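Enquirer: In terms of the working numbering, the sequence shown opens at residue 8 and continues consecutively.
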Amino acid sequence: MHKTLLLTGLLLATGPVLLPSAARAQALPEPAAGNPIIKDKYTADPAALVYNGTVYLYAGHDEAPARQERYVMHEWLCYSSQDMVTWKEHPSPLNVKAFAWAKDDAWASQVIERNGKFYWYAAVEHSSIPGKAIGVAVADNPLGPFKDARGSALITNDMTTEAKISWDDIDPTVIVDDKGQAYLYWGNTICYWAKLKPNMTELDGPINKVTTLPKFTEAPWVHKRGNWYYLSYAYQFPEKIAYAMSRSIEGPWEFKGILNEVAGNSNTNHQAIIDFKGQSYFIYHNGSIPTDGGSFRRSVCIDRLEYNKDGTMKRVVMTTEGVKPVK
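#1: Once the 5 residues before and after A270 are set aside, which same chain residues still bring their CB inside 7 Å of it?
#2: Quick one: measure Cβ to Cβ for T312 and I280, integer angstroms, because I've assumed they're closer than 8 Å.
#3: My output table needs one value for V183: the three-state DSSP class, helix, strand or coil.
#4: State the Cα-Cα distance for the pair A189 and N148, rounded to the nearest angstrom.
#5: Looking at the structure shown, is N102 part of a helix, part of a strand, or coil, going by DSSP?
#6: Runs of 3 residues minimum, wholly inside the stretch 133-216: which ones carry the beta strand (DSSP E) assignment?
#7: Judging by CA-CA distance, which residue of M80, Y86, A55 and I44 is the nearest neighbour of R304?
#8: Using alpha carbons as the reference points, say which of D317, G41, W228 and A249 lies closest to I119.
#9: For A20, which of helix, strand or coil comes out of DSSP?
#10: Between E37 and P297, what straight-line distance do the alpha-carbon atoms span, to the nearest angstrom?
#11: Short check: CB of T50 to CB of Q89, under 8 Å?
#12: With a CB to CB cut of under 6 Å and the five nearest residues on each side skipped, what residues in its chain are close to E225?
#13: Quick check on F283: does DSSP put it in helix, strand or coil?
#14: Output the residue ranges of the beta strand (DSSP E) runs that lie fully inside the stretch 216-245 and measure 3 residues or longer, sorted by chain position.
#15: To the nearest angstrom, how far is the alpha carbon of W174 from that of D165?
#16: Under the rule that 16 or more other beta-carbon atoms within 10 Å means buried, what is S295, buried or exposed?
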């Protein structure tokens with residue numbers, strides 16, 4: 008007898024057939040997980056800003072069709088939270104089209120506040136100067152809307168000629184030191200840095216290089232805690248996150264080791280590090296959303312970051328559960 012007819016007969020004769028325990032377990036819905044924190048869109052290259060008791064999360068929007076192995080990114084997304092667990096989505100505050108001189112590619116970015124203005128540094132593809140470039144947008148509040156602050160790129164590929172690639176001017180990160188001096192770090196294969204003028208839209212001096220970062224790939228992020236500056240970055244490929252420390256924002260930087268392992272199912276790894284309500288957080292992306300998540304359809308995650316007594320950072324433990332609400 009055909010298996011379907013036999014099973015139907017059994018159901019009619021004896022009632023429901025009990026499945027093996029393993030099959031029953033697979034049929035149950037999985038509990039909602041903490042990571043990734045955004046599950047209805049693909050989000051990548053996170054940056055975070057703490058302002059007035061709220062965390063603002065800015066991320067690129069991966070839109071590559073399923074199973075296409077390429078980056079498709081036209082806009083940045085914005086979310087906010089007051090407990091690191093409940094995230095509210097806001098309308099997209101910035102699109103590549105805001106930069107009239109740009110062609111496409113809403114790549115990694117960071118937003119920073121200064122004197123009541125919010126400055127958004129973003130990597131895009133330049134329309135007339137071959138290669139990636141860094142633009143600056145500005146707004147009066149962290150939700151935007153943001154508009155081009157210069158009308159031209161801050162960094163273009165013809166300003167950095169040592170790296171023989173067209174994508175070395177990406178992944179900007181900005182910090183203002185205790186004396187009020189702003190610094191821009193960025194790069195791929197070479198880590199560049201330069202001072203910014205107080206208007207935050209012009210360089211204030213030459214472009215310099217950090218030469219003490221082993222296996223630097225991209226994704227620099229600079230933050231300060233206590234008397235230490237930290238420069239974390241994507242290390243090797245597929246990418247881990249490693250970091251260096253210095254007493255000065257201008258270095259010298261001393262390499263300290265790996266901070267985060269390869270983030271599951273994603274060749275890239277991109278981090279933001281913040282302190283919020285007395286706790287430290289490591290924000291990153293992986294490719295874990297089923298079934299099409301991966302290196303070109305990534306998802307933002309958050310886990311705790313802890314420091315040792317000497318100021319070094321403990322290796323981040325990536326979890327499915329994520330973080331607990333902070334009061």
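Beta carbons are placed, not taken as given, at the ideal position from N, Cα and C, and that holds for glycine.
Source: prediction; values computed, not measured.
Expert: Taking the geometry as given:
#1: N276, Y291, H292, N293 and M325
#2: The residue you asked about is not Thr; residue 312 is Leu in the sequence shown. Going by Cβ atoms, the distance from L312 to I280 rounds to 6 Å, so yes, they are a contact pair.
#3: strand
#4: 19 Å
#5: strand
#6: 139-146, 180-183, 189-193 and 198-203
#7: M80
#8: W228
#9: Caution applies to A20, whose pLDDT of 38 falls short of 50 and renders its modelled position unreliable; the value that the coordinates give is listed next. Of the three classes helix, strand and coil, the one that applies to A20 here is helix, per DSSP.
#10: A caution first: E37 carries a pLDDT of 47, below 50, which makes its placement in the model unreliable, though a value can still be read off. Roughly 13 Å between the two C-alpha positions.
#11: no
#12: D178, N195 and A241
#13: strand
#14: 223-232 and 235-242
#15: 11 Å
#16: buried
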